[in-house]
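Residue numbers (numbering that gives the first Met the number 0), protein chains in the order written: chain A, 0 to 249; chain B, 0 to 249. All C-beta atoms in this analysis are idealised placements derived from N, C-alpha and C, irrespective of residue type, glycine included. A quick write-up on the structure given underneath.
There are 2 protein chains.
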Amino acid sequence: MHARFYAPDADAAGDLVDLPEDEAAHLTRVLRLRAGAAIRVFNGRGREFDARVERAGKGGVHVVVERSREPLAREARVAVTLAQAVLKSDKLDEVVRDAVMMGVAAVLPLVAARSEVALAALQRGRRQQRWQRVAVAAAKQSGRAIVPRIMDPVTFDEVTARLAAMTLPGPGLMFVEPSAAAESVALADLDPAPPRETTMIVGPEGGWTREEIERASAVCRLVTLGGRTLRADAMPVVALAALFAIWKEL
Amino acid sequence: MHARFYAPDADAAGDLVDLPEDEAAHLTRVLRLRAGAAIRVFNGRGREFDARVERAGKGGVHVVVERSREPLAREARVAVTLAQAVLKSDKLDEVVRDAVMMGVAAVLPLVAARSEVALAALQRGRRQQRWQRVAVAAAKQSGRAIVPRIMDPVTFDEVTARLAAMTLPGPGLMFVEPSAAAESVALADLDPAPPRETTMIVGPEGGWTREEIERASAVCRLVTLGGRTLRADAMPVVALAALFAIWKEL
């Protein structure tokens, strides 16, 4: 198959669009393609096209959009927003990559009480922009024509406030340790009929505080994964795989 | 809770046992425990006990086994053997760790046509011993009282031969790309009634060859995961989570 690039401006056959800088560099410097080369482009919002390189050089890469194509990867019927506590070092990069490859609709990074990083530090470090680039790369690699949005990091309180105000897709599912909450349900007890959309909330290395669990229990269900102790960075992909399995998305 | 150690010789209350060298070092040098300290031990075969340090020093650590305890982590009802193609660099270490934390019964490392390593190199590098140590650490961390056996690495042909001879637990489930095989089934189409035991086979970075898929199709079912493209090292934990979800183990 022809090489595949992210072209956010590609909307219809006949469009003449520029590739973003990273994509242009990939096309010219890594793959060494030139004017005339046949490629594929996807616009990050679900559309994919055959395309042809019109011009490639110092001024960037211009591409003629041709025939519309079926994207390689089918999108999940459930739009899952992953509200994920920020993890140590660069571990959220890997979580974003795997969650995008699995098929999430969006990622909302959150700073929990036991996240070992401050919101201000994430903003100064322009982490959201980096995670968004990771999401583009993962969409390219996995054949998705949708690039999930990586939202600006927020506090845990902001997540519960958004769920209460229904500005995040509900119903929310918060994954907790079995010992953490009496009112939790096992994943096996969730309704196997998939919702149209949901927000799943996954915690940091040190787990949730009692206060966080209490506040969340008012706006979402508390779900356990069979008493297993997993690494914090394995949790989101395990929970996502398990949810998609019971909803027959796998 | 008291610190927890692997004591393979602990079988019954009253036993006086030595801890293995790694565990003794952990007890004396990391946790700095001394004679009289209350600990917990598990024997790797499903038994867990209260215990007390009898002597700790240059000659090793001797422990008196006391009352039998319920292990922290419940074992899965399905005994899953993960037959996993060896991956690049040290990635199989992480796969072994996560698979043990998820609850596999055993791991059989295999060298596939596209594994970029030779069986002889694995044996020279004493990799099986290293993976077994990873399995002990993961069992400690996840509260399992069973240490899954990491078998000696074998060729792919040996895996299919063992499945055919039923010296590996069947039915076998081989995870394949959707494009790879016409006769594959989606995970959602598997019987939700859990088998007593099974072998799941997961491939290397480059995927299976046509010949491998053909040979395997005679002795196991070919299963796809909804057309998703995942990293090779994410595949085993995703497949395991999905299987445990449909079998109501999560």
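For residue j and residue i, the rounded distance between their alpha carbons
| i | j | result |
| --- | --- | --- |
| proline 235 of chain B | leucine 81 of chain B | 8 Å |
| glutamate 196 of chain A | proline 168 of chain A | 6 Å |
| phenylalanine 41 of chain B | alanine 231 of chain A | 24 Å |
| isoleucine 145 of chain B | alanine 137 of chain B | 10 Å |
| methionine 173 of chain B | glutamate 93 of chain B | 20 Å |
| proline 191 of chain A | alanine 238 of chain A | 15 Å |
| threonine 154 of chain A | methionine 101 of chain A | 25 Å |
| leucine 224 of chain B | proline 194 of chain B | 19 Å |
| phenylalanine 243 of chain A | valine 95 of chain A | 17 Å |
| histidine 1 of chain B | arginine 33 of chain B | 13 Å |
| arginine 227 of chain B | leucine 109 of chain A | 26 Å |
| leucine 249 of chain B | alanine 163 of chain B | 30 Å |
| isoleucine 38 of chain A | serine 67 of chain A | 12 Å |
| serine 216 of chain A | glutamine 131 of chain A | 30 Å |
| arginine 209 of chain B | aspartate 49 of chain B | 52 Å |
| valine 106 of chain B | aspartate 97 of chain B | 11 Å |
| serine 141 of chain A | alanine 180 of chain B | 19 Å |
| alanine 78 of chain B | glycine 45 of chain B | 13 Å |
| methionine 165 of chain A | valine 133 of chain A | 27 Å |
| aspartate 188 of chain A | proline 170 of chain A | 15 Å |
| tryptophan 207 of chain B | glutamate 176 of chain B | 9 Å |
| leucine 26 of chain B | arginine 129 of chain B | 20 Å |
| valine 218 of chain A | valine 99 of chain B | 33 Å |
| leucine 221 of chain A | isoleucine 212 of chain A | 8 Å |
| valine 184 of chain B | tyrosine 5 of chain B | 40 Å |
| valine 64 of chain B | lysine 139 of chain B | 17 Å |
CB contact below 9 Å: residue i versus chain A
| i | result |
| --- | --- |
| valine 153 of chain B | no |
| aspartate 89 of chain B | no |
| glutamate 248 of chain B | yes |
| alanine 185 of chain B | yes |
| leucine 282 of chain B | What is shown of chain B runs 0 to 249, which leaves residue 282 of chain B out entirely. |
| alanine 136 of chain B | no |
| leucine 18 of chain B | no |
Neighbour flag for residue i against chain B, beta carbons, 9 Å
| i | result |
| --- | --- |
| serine 141 of chain A | yes |
| alanine 2 of chain A | no |
| leucine 172 of chain A | no |
| arginine 68 of chain A | no |
Where residue i meets chain A, residues with beta-carbon distance less than 9 Å
| i | result |
| --- | --- |
| serine 101 of chain B | The sequence as given places methionine at residue 101 of chain B; serine does not occur at that position. Simply Arg227, Leu229, Ala233, Val237. |
Under 8 Å from the C-beta of residue i: neighbouring residues of chain A
| i | result |
| --- | --- |
| aspartate 97 of chain B | Leu229, Arg230, Ala233 |
| isoleucine 245 of chain B | Ala244, Ile245 |
| alanine 241 of chain B | Ala240, Ala241, Phe243, Ala244, Leu249 |
Coarse secondary structure for residue i, derived from DSSP in three states
| i | result |
| --- | --- |
| aspartate 251 of chain A | As displayed, chain A neither begins before 0 nor continues past 249, which places residue 251 of chain A out of reach and without an answer. |
| valine 158 of chain B | helix |
| aspartate 188 of chain A | helix |
| leucine 109 of chain A | strand |
| aspartate 49 of chain A | strand |
| alanine 84 of chain B | strand |
| aspartate 17 of chain B | strand |
| serine 178 of chain A | helix |
| histidine 27 of chain B | Here residue 27 of chain B turns out to be threonine, not histidine, going by the sequence shown. Threonine 27 of chain B falls in the helix class under three-state DSSP. |
| alanine 248 of chain B | Looking at the sequence shown, residue 248 of chain B is not alanine but glutamate. Here glutamate 248 of chain B sits in coil by DSSP. |
| arginine 3 of chain B | strand |
| glutamate 65 of chain B | strand |
| methionine 199 of chain B | strand |
| leucine 239 of chain A | helix |
| leucine 91 of chain B | helix |
| alanine 37 of chain B | strand |
| valine 146 of chain A | coil |
Contact set between residue i and chain B, taken where Cβ atoms lie within less than 8 Å
| i | result |
| --- | --- |
| alanine 50 of chain A | The contacting residues do not exist; alanine 50 of chain A stays about 21 Å from chain B at best. |
| arginine 73 of chain A | Gly225, Gly226 |
Residue i CB to nearest heavy atom of the ligand FMN below 8 Å
| i | result |
| --- | --- |
| glycine 102 of chain B | Ligands are entirely absent from the displayed structure, and the ligand FMN is therefore not among its contents. |
Hey, is the segment 82-92 of chain B in contact with the segment 113-132 of chain B, meaning 3+ C-beta pairs nearer than 8 Å? The way I'd put it, the segment 82-92 of chain B does touch the segment 113-132 of chain B; three or more beta-carbon pairs between them come closer than 8 Å.
Do the segment 199-206 of chain A and the segment 98-113 of chain A meet, that is, are 3 or more Cβ pairs less than 8 Å apart? Counting Cβ pairs under 8 Å, three or more are found: they touch.
Quick test of the definition: if touching needs 3 or more C-beta pairs under 8 Å, does the segment 5-17 of chain B touch the segment 117-131 of chain A? Contact between the segment 5-17 of chain B and the segment 117-131 of chain A is absent: fewer than three C-beta pairs spanning the two stretches fall below 8 Å.
Cβ pair count under 8 Å reaching 3, the segment 18-38 of chain B against the segment 50-64 of chain B: Segments in contact, yes.
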